[in-house]
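Here the structure comes first, spelled out in structure tokens, and everything after it is commentary.
Numbering (our numbering), first residue to last: 891 to 964.
Below, the structure written as structure tokens:
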């Protein structure tokens, strides 16, 4: 089960892939079909990462995290 971490909502545009970068901010990068798009930072809220969690943008547009299932590995 995922828990919402961020309080800032991200508005999505077609043709872009959204992800949480290593710096803690949400970034967008153009997909292969979007030849005119440019990479850029989307949010101003910085998210502190914790080890053992997978971070993603949920359907509502907020940053969420889920515990990774590693089957006994670190």
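Don't be surprised by glycine CBs; every beta carbon is placed ideally from N, CA and C.
All values derive from a computational prediction rather than experimental measurement.
Please work out which residues of its chain come closer than 8 Å, Cβ to Cβ, to residue i, disregarding the five sequence neighbours upstream and downstream, and give them in chain order.
i	result
residue 962	none
residue 899	950, 951, 952
Which one or two residues does DSSP pair with residue i in a beta bridge?
i	result
residue 955	893, 945
Excluding sequence positions up to five away, which residues of its chain have a Cβ less than 7 Å from the Cβ of residue i?
i	result
residue 892	948, 954, 955, 956
residue 901	951
Between which residues of its own chain and residue i is the CB-CB distance below 6 Å, once the five residues before and five after are set aside?
i	result
residue 928	none
Between the C-alpha atoms of residue i and residue j, what's the straight-line distance to the nearest angstrom?
i	j	result
residue 932	residue 926	17 Å
residue 959	residue 946	15 Å
residue 937	residue 916	9 Å
- prompt: Which ranges would you report for the beta strand (DSSP E) in the segment 901-942 if only whole runs of at least 3 residues count?
  reply: The qualifying runs are 906-910, 916-920.
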